[in-house]
DNA sequence: TCTCTTTTGAGAGTCACTATCATTTGACCT
DNA sequence: AGGTCAAATGATAGTGACTCTCAAAAGAGA
């Protein structure tokens, strides 16, 4: 049975399994390969110089291409006509693939917007922090490391802003964003648990990750809604420090 | 222009309005009238004693009846066959109304499960707390007052457990639950803001409500998943105290 | 009982998604 | 080159949640 390398897990899978993420790694499928997938992003799929060894086989490169084409088409149409007014069929037409192919690459329309590639990198960075550091401080540092890279690159920054605007404006996307958040939270929870000698499903660990991610989300929303020119990192720092102060406001 | 008294606001409404809740109160429509709407709940729609004056006209009473019938039918079928395996048409048939009527009463299938009637009461109780009390303590007290009432009544408790189980198991419902949460958060935010001399959309206020509600949600999930016999109030207290300690774990 | 308004039901349509199957296409081997 | 196999694609036909519209039914008030 083929079971399609291309297909990430559906949100409606595993409806009643309280266990951690299954063998088929959730979150990012790592298949993207190149940054700057945004509209017009020319990226660098295999351009390590003229005549360099191709990164992978033709098949793999085409998959990355198709994925980016669909995403770029979608972002373009969403920006022009709005999310709800853009049927998947039109995205498929714009990306020059069949509707079925779109669903093969992205299990839901929302996932075209919400495929997070940062989770793995953040998890690695978190594991790299000293084990005796206060968990909340570790999170702040990791956030700083990860985001400063993204915000520095105009293309990545623009894509992030557009995505957060969609999160802000479209209920369906916002809803999935929460879900993604709590999934990422589980990864974080595992790391924090290991470090503080608890199990990942201990109440304290879950409360910690829920609060942290919810605050990160809210701070990001504040940023796109109210202060897009201000420094996101500053806003996040203010927010997480408030959390660290026990929410004494 | 009729504009249907029965119809609560859709989740997809107001896609780009960053302003607070509009004039048409979001959250609960207050149309339910009686508690214990769960399966078999006989409640007390107008039973203030034999021969007492009817609460309202026949029309209003029928609306409440229909609403409860749909909800009861849905809960029954969801428990028997599962949420995804139960089409709205079958709920309509079971409740003996047409499919269109179901959608007139509940804008989405998820809303059949997630109509919160507690928001208004909690908001009132929060406003009643002394203004100089620490916000987080106020929230804890309000939660205690509200929940102890619900948990004491077996019918209400059973309905709450069933609802939280659906939130736990069904991604679509969980997603809407987050949305409901952040909507309720806005109400809370308004009250906290007024009390601490800020605007409702100040970063500190938003971070506060986001953290609080997310923790309440996570603690409740912990309760249904891990410790349904334990006291929910104790779990919530532990969680909110951890939050108050600045998440030092 | 008559009229007005609200509520309901019926029907057709849209769109996100699923399942299936034949066709194409890159990968690998000789 | 040519042939074989597995994987990716496209076309087609569903299902199910919703939306819109309009005519019939039923409570409210005179």
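Chains as they are written, first to last, in our numbering: chain W, 1 to 249; chain E, 250 to 498. C-beta: ideal position from N, C-alpha, C; glycine also.
Compare the C-beta of residue i against all C-beta atoms of chain W and say whether one is closer than 9 Å.
i: residue 383 of chain E; result: yes
i: residue 495 of chain E; result: yes
i: residue 379 of chain E; result: no
i: residue 250 of chain E; result: With a pLDDT of only 41 at residue 250 of chain E, under 50, the local geometry of the prediction cannot be trusted, and the value read off the model is given with reservation. Output row for residue 250 of chain E: interface = no.
i: residue 412 of chain E; result: no
i: residue 375 of chain E; result: no
i: residue 488 of chain E; result: yes
i: residue 337 of chain E; result: no
i: residue 454 of chain E; result: yes
i: residue 327 of chain E; result: no
i: residue 484 of chain E; result: yes
i: residue 492 of chain E; result: yes
i: residue 361 of chain E; result: no
Within the 9 Å Cβ cut-off, does residue i reach chain E?
i: residue 75 of chain W; result: no
i: residue 102 of chain W; result: no
i: residue 105 of chain W; result: no
i: residue 117 of chain W; result: no
i: residue 192 of chain W; result: yes
i: residue 171 of chain W; result: yes
i: residue 94 of chain W; result: no
i: residue 60 of chain W; result: no
i: residue 16 of chain W; result: At residue 16 of chain W the pLDDT is 37, less than 50, meaning the model places this residue with poor confidence; the figure from the coordinates comes in the next sentence. So, interface residue.
i: residue 91 of chain W; result: no
i: residue 24 of chain W; result: Low confidence applies here, because residue 24 of chain W scores a pLDDT of 29, under 50, leaving its location unreliable; read the following figure in that light. Residue 24 of chain W does not count as touching chain E.
i: residue 201 of chain W; result: yes
i: residue 66 of chain W; result: no
i: residue 121 of chain W; result: no
i: residue 70 of chain W; result: no
For residue i and residue j, what's the separation of their Cα atoms in angstroms?
i: residue 222 of chain W; j: residue 474 of chain E; result: 32 Å
i: residue 229 of chain W; j: residue 208 of chain W; result: 30 Å
i: residue 154 of chain W; j: residue 162 of chain W; result: 12 Å
i: residue 337 of chain E; j: residue 241 of chain W; result: 46 Å
i: residue 369 of chain E; j: residue 395 of chain E; result: 11 Å
i: residue 323 of chain E; j: residue 487 of chain E; result: 34 Å
i: residue 440 of chain E; j: residue 463 of chain E; result: 18 Å
i: residue 340 of chain E; j: residue 351 of chain E; result: 8 Å
i: residue 495 of chain E; j: residue 137 of chain W; result: 11 Å
i: residue 305 of chain E; j: residue 206 of chain W; result: 46 Å
i: residue 360 of chain E; j: residue 320 of chain E; result: 10 Å
i: residue 343 of chain E; j: residue 353 of chain E; result: 16 Å
i: residue 182 of chain W; j: residue 218 of chain W; result: 14 Å
i: residue 393 of chain E; j: residue 357 of chain E; result: 31 Å
i: residue 180 of chain W; j: residue 310 of chain E; result: 42 Å
i: residue 335 of chain E; j: residue 362 of chain E; result: 13 Å
i: residue 116 of chain W; j: residue 160 of chain W; result: 10 Å
i: residue 67 of chain W; j: residue 204 of chain W; result: 39 Å
i: residue 243 of chain W; j: residue 64 of chain W; result: 40 Å
i: residue 485 of chain E; j: residue 69 of chain W; result: 47 Å
i: residue 419 of chain E; j: residue 106 of chain W; result: 20 Å
i: residue 407 of chain E; j: residue 158 of chain W; result: 48 Å
Could you tell me if residue i is buried or exposed, where buried requires 16 or more neighbouring beta carbons within 10 angstroms of its beta carbon?
i: residue 210 of chain W; result: buried
i: residue 148 of chain W; result: exposed
i: residue 234 of chain W; result: exposed
i: residue 140 of chain W; result: buried
i: residue 480 of chain E; result: exposed
i: residue 383 of chain E; result: exposed
i: residue 81 of chain W; result: exposed
i: residue 248 of chain W; result: exposed
i: residue 427 of chain E; result: buried
i: residue 124 of chain W; result: exposed
i: residue 176 of chain W; result: buried
i: residue 421 of chain E; result: buried
i: residue 58 of chain W; result: exposed
i: residue 193 of chain W; result: buried
i: residue 24 of chain W; result: In this prediction, residue 24 of chain W scores a pLDDT of 29, lower than 50, which makes its location untrustworthy; the coordinate-derived value is nonetheless stated afterwards. Residue 24 of chain W comes out exposed.
Is the closest heavy atom of the ligand FMN to the C-beta of residue i under 8 Å?
i: residue 407 of chain E; result: Because no ligand of any kind appears in the structure shown, any question about the ligand FMN cannot be addressed here.
Worksheet item: How do the stretch 198–211 of chain W and the stretch 435–442 of chain E stand: do at least 3 beta-carbon pairs fall below 8 Å, yes or no?
Response: no
Worksheet item: If contact means a Cβ-Cβ distance below 9 Å, which residues of the stretch 459–477 of chain E contact chain W?
Response: 459, 460, 461, 462, 463, 464, 466, 467, 468, 470, 471, 474, 475, 476
Worksheet item: Using 8 Å as the threshold, is the stretch 91–108 of chain W in touch with the stretch 117–132 of chain W, meaning 3 or more CB pairs across them?
Response: no
Discussion item. Beta carbons nearer than 8 Å to chain E: which residues of the stretch 173–187 of chain W have them?
Written reply: 174, 175, 176, 178, 179
Discussion item. For the stretch 387–413 of chain E, list every residue whose C-beta sits within 8 Å of some C-beta in chain W, in sequence order.
Written reply: none
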